[in-house]
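Undergrad: Residue 327 in this note's numbering is what sits at position 341 of the sequence shown, and the numbering runs on without skipping anything.
Ideal Cβ positions, reconstructed from N, Cα and C, are used throughout, including at glycine.
It should be emphasised that the depicted structure is a prediction, and the values quoted were computed from it without experimental measurement.
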Amino acid sequence: MSAAVSPDIRPITADVAVGADAPANAEFRELVALRNAVEADTMGTSALNLSVEELLPALTDTALRRYLHVGAWVGGELVGRGLVILPSDEGSAVARTLVDVLPAHRGAGIGSALLAEVERMAAAEGRAVLQVDVAHRASEGGERLASPTGFGDVPAADPGARFLLAHGYRLEQVLRVSRLDLDVTMPEIPSVEDEFALHAWVGATPPPWLEDVAVLKTAMSTAVPSGELTVSETVWTAGDVQDRDARQRRRGRVLLTVVAEHRPSGRLVGITEIEVPADDRPAFQEDTLVLPEHRGHALGLRLKVRNLHELRRHAPGTSTVLTFNAEENRPMLTVNEAMGFRAMAHEGSWEKHAR
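Put into structure tokens, the structure is as follows:
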């Protein structure tokens, strides 16, 4: 264990200007480099690294949430960072938090100091429920820490698990990180019943569908399995959908969307999205949802397979798609497995109630 140090902890501003020579972003650029180093160490690959231009629009305030950044410096070097995400959901007591420390500086109390600071910041905003998602290294055997949902576990010896347990957090859910390699045979698009029609678009949401997409995104906030985590409804508006689309453009990323229209009503009842980087790095399967009253028609599978074909057409160089799903979400895991997704890692969702 490293000798304890007293880091200099202070806020970092996420400036909205991202020009290559923008001095106001020097610390944020350091933050992005640190984030990438920690991610590569945890996941064993640099394929998930992000540029300043990609990350900044995703970590600046929106109508739906606010972001507070803090850094820890030792000897003038940024060695750790903390993040507090404050959802704007009405009456929400939740703050989502994150702490990263460079591997070479762990064991010196820097992570504990950062965690204490982000918890203080959350408390100052009136948030008493602290949540954090942590990627846990894949390993077999050894003592396991089981999810209270009854599905999935993480290694008890994992550094992230030991750190959170020591600071009063409880594992509430385990997510499966799955990978699809597109060099395999692409599945055929299943036919759709006459009651439904599939529509696809690239980039910004067409104006006629903005309101319906907002309804689907609102439903998504509470529809996915959440274990014992504290959740609240995030109410999206058409303006929030447009803002999300604009942020994706600024990030240099493209969102591929396929929706299911219920012909008799003319309303959208299902959606799936894939986020595609500008180069050939892995794409991310984002939200997939079918409204409860329209399930039982295999719409989820049809939507996702159709979007894989859209991905092949729009970004033929993309060879990998990653997705995150709750281990207890067997219907979605079944769909993913039928498409060829295979588990590659796990992520733990942890929660702590401040006294």
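Which residues does DSSP list as the beta-bridge partners of Val163?
TA: Residue mapping note: residue 163 aligns to position 177 of the sequence shown, counting from 1. For Val163, which the question treats as bridged, DSSP gives the partners Phe310 and Ala331.
Undergrad: Glu337 and Val342 - do their beta-carbons sit closer together than 9 Å?
TA: In the structure as shown, the chain starts at -13 and stops at 341, and residue 342 therefore has no counterpart that could be examined.
Undergrad: Around the C-beta of Thr83, are 16 or more other C-beta atoms found within 10 angstroms, so that it is buried, or is it exposed?
TA: Here residue 83 refers to the residue found at position 97 of the sequence shown. Label assigned to Thr83: buried.
Undergrad: Between which two residues does the alpha helix (DSSP H) holding His295 run?
TA: In the sequence shown, residue 295 corresponds to position 309, counting from 1. Leu285 to His300 is the span of the alpha helix (DSSP H), which, as asked, contains His295.
Undergrad: Report the start-end ranges of each alpha helix (DSSP H) in the segment 194 to 262 that is 4 residues or longer and not cut off at the edges.
TA: Listed in chain order, they are 196 to 209 and 224 to 236.
Undergrad: Where Arg328 and Leu151 are concerned, what is the direct C-alpha to C-alpha distance, given to the nearest angstrom?
TA: Stepping through the sequence shown from its first residue, residue 328 is reached at position 342. Stepping through the sequence shown from its first residue, residue 151 is reached at position 165. Roughly 29 Å between the two C-alpha positions.
Undergrad: At which residues does the beta strand (DSSP E) containing Ile(-2) begin and terminate?
TA: Within the sequence shown, the letter at position 12 stands for residue -2. Unbroken beta strand (DSSP E) run through Ile(-2): Asp(-6) to Ile(-2).
Undergrad: Using a Cβ-Cβ cut-off of 7 Å (strictly less than) and excluding sequence neighbours within five positions of Thr223, which residues of its own chain qualify?
TA: Against the sequence shown, residue 223 aligns to sequence position 237. Excluding positions up to five away in sequence, the list reads Ala200.
Undergrad: How many angstroms separate the CA atom of Glu158 from the CA atom of Asn315?
TA: Here residue 158 refers to the residue found at position 172 when the sequence shown is read from its first residue. Here residue 315 refers to the residue found at position 329 when the sequence shown is read from its first residue. Going from the Cα of Glu158 to the Cα of Asn315 covers about 14 Å.
Undergrad: According to DSSP, what are the bridge partners of Gly68?
TA: Counting from 1 along the sequence shown, the entry for residue 68 is found at position 82. Looking at the DSSP assignment, Gly68 forms a beta bridge with Val56 and Val85.
Undergrad: Just checking my contact of Leu34 with Ala0 at CB under 8 Å: how many whole Å lie between their CB atoms?
TA: Counting from 1 along the sequence shown, the entry for residue 34 is found at position 48. Counting from 1 along the sequence shown, the entry for residue 0 is found at position 14. So it is not a contact: roughly 20 Å between Cβ atoms.
Undergrad: Secondary structure at Thr420, three-state DSSP: helix, strand or coil?
TA: The first residue shown for the chain is -13 and the last is 341, placing residue 420 beyond what the model contains.
Undergrad: Taking the continuous alpha helix (DSSP H) assigned at Pro317, which residues delimit it?
TA: By one-based count along the sequence shown, residue 317 stands at place 331. Segment Arg316 to Met325, the alpha helix (DSSP H) holding Pro317.
Undergrad: Which runs of the beta strand (DSSP E), 3 residues or longer, sit entirely within the segment 94 to 137?
TA: Correct list: 115 to 122 and 130 to 132.
Undergrad: Is the separation between the beta-carbon of Gly77 and that of Val(-9) shorter than 9 Å?
TA: One-based indexing of the sequence shown puts residue 77 at position 91. One-based indexing of the sequence shown puts residue -9 at position 5. Not in contact: Gly77 and Val(-9) (Cβ atoms no closer than 9 Å).
Undergrad: For Arg15, which of helix, strand or coil comes out of DSSP?
TA: Against the sequence shown, residue 15 aligns to sequence position 29. DSSP places Arg15 in helix when its eight states are reduced to three.
Undergrad: Only counting the same chain, and skipping five residues up and downstream in sequence, which positions put a Cβ closer than 8 Å to that of Met325?
TA: Locating residue 325 in the sequence shown gives position 339, where the first residue counts as 1. Leu166, Pro173, Leu287, Lys290, Val291 and Leu294.
Undergrad: For Ser177, count the other beta carbons within 10 Å of its own beta carbon; 16 or more makes it buried, fewer makes it exposed. Which is it?
TA: For the purposes of this step, residue 177 is taken as residue 191 along the sequence shown, with counting starting at 1. Per the 10 Å Cβ criterion, exposed.
Undergrad: For Pro(-3), which residues of its own chain have a beta-carbon under 7 Å away from its beta-carbon, when the five flanking residues on both sides are left out?
TA: In the sequence shown, counting from the first residue as 1, residue -3 sits at position 11. The answer, listed in chain order, is His55 and Val56.
Undergrad: Use the C-beta contact count for Asp(-6): other C-beta atoms within 10 angstroms, 16 or more gives buried, fewer gives exposed.
TA: By 1-based counting over the sequence shown, the position of residue -6 is 8. Looking at its Cβ environment, which holds fewer than 16 other Cβ atoms inside 10 Å, Asp(-6) is exposed.
Undergrad: Just the Cα atoms here: how many angstroms apart are Pro211 and Leu161?
TA: The count along the sequence shown starts at 1 and reaches residue 211 at position 225. The count along the sequence shown starts at 1 and reaches residue 161 at position 175. One C-alpha to the other measures close to 10 Å.
Undergrad: For Arg341, which three-state DSSP category applies?
TA: Translated into the one-based positions of the sequence shown, residue 341 becomes position 355. It is coil, neither helix nor strand.
Undergrad: On the criterion of 16 or more Cβ atoms from any shown chain inside 10 Å, does Gly146 qualify as buried, or is it exposed?
TA: Walking along the sequence shown from the start, residue 146 turns up at place 160. It is buried - the Cβ of Gly146 has at least 16 other Cβ atoms within 10 Å.
Undergrad: Residues in its own chain within less than 8 Å of Asp226 by CB, not counting five upstream and five downstream?
TA: Sequence index remark: in the sequence shown, residue 226 carries index 240 (1-based). Around Asp226: Thr48, Ala49, Leu50, Ala200 and Lys203.
Undergrad: Between Gly136, Ala12 and Val38, which has its C-alpha nearest Asn22's C-alpha?
TA: Numbered from its first residue, the sequence shown carries residue 22 at position 36. That would be Val38, whose Cα lies nearest to the Cα of Asn22.
Undergrad: With DSSP run on the structure shown, which of helix, strand or coil describes Pro50?
TA: Taking the sequence shown and counting its residues from 1, one reaches residue 50 at position 64. In the sequence on display, residue 50 carries Leu and not Pro. Reduced to three states, the DSSP call for Leu50 is coil.
Undergrad: For Ala23, which residues does DSSP report across the bridge?
TA: As a working mapping, residue 23 is identified with position 37 in the sequence shown. Looking at the DSSP assignment, Ala23 forms no beta bridge with any residue, so it has no partner.
Undergrad: Specify the secondary structure class of Leu279 as computed by DSSP and reduced to three states.
TA: Counting from 1 along the sequence shown, the entry for residue 279 is found at position 293. In the sequence on display, residue 279 carries Glu and not Leu. It is helical.
Undergrad: Where do the N-terminal and C-terminal ends of the beta strand (DSSP E) with Leu342 fall, by residue?
TA: An answer regarding residue 342 cannot be provided, because it is not within the stretch -13 to 341 covered by the chain.
Undergrad: Run the CB neighbour count on Glu313, radius 10 Å, all protein chains shown included, and call it buried at 16 or more, exposed below.
TA: Mapped onto the sequence shown, residue 313 falls at position 327. By the 10 Å Cβ count, Glu313 comes out buried.
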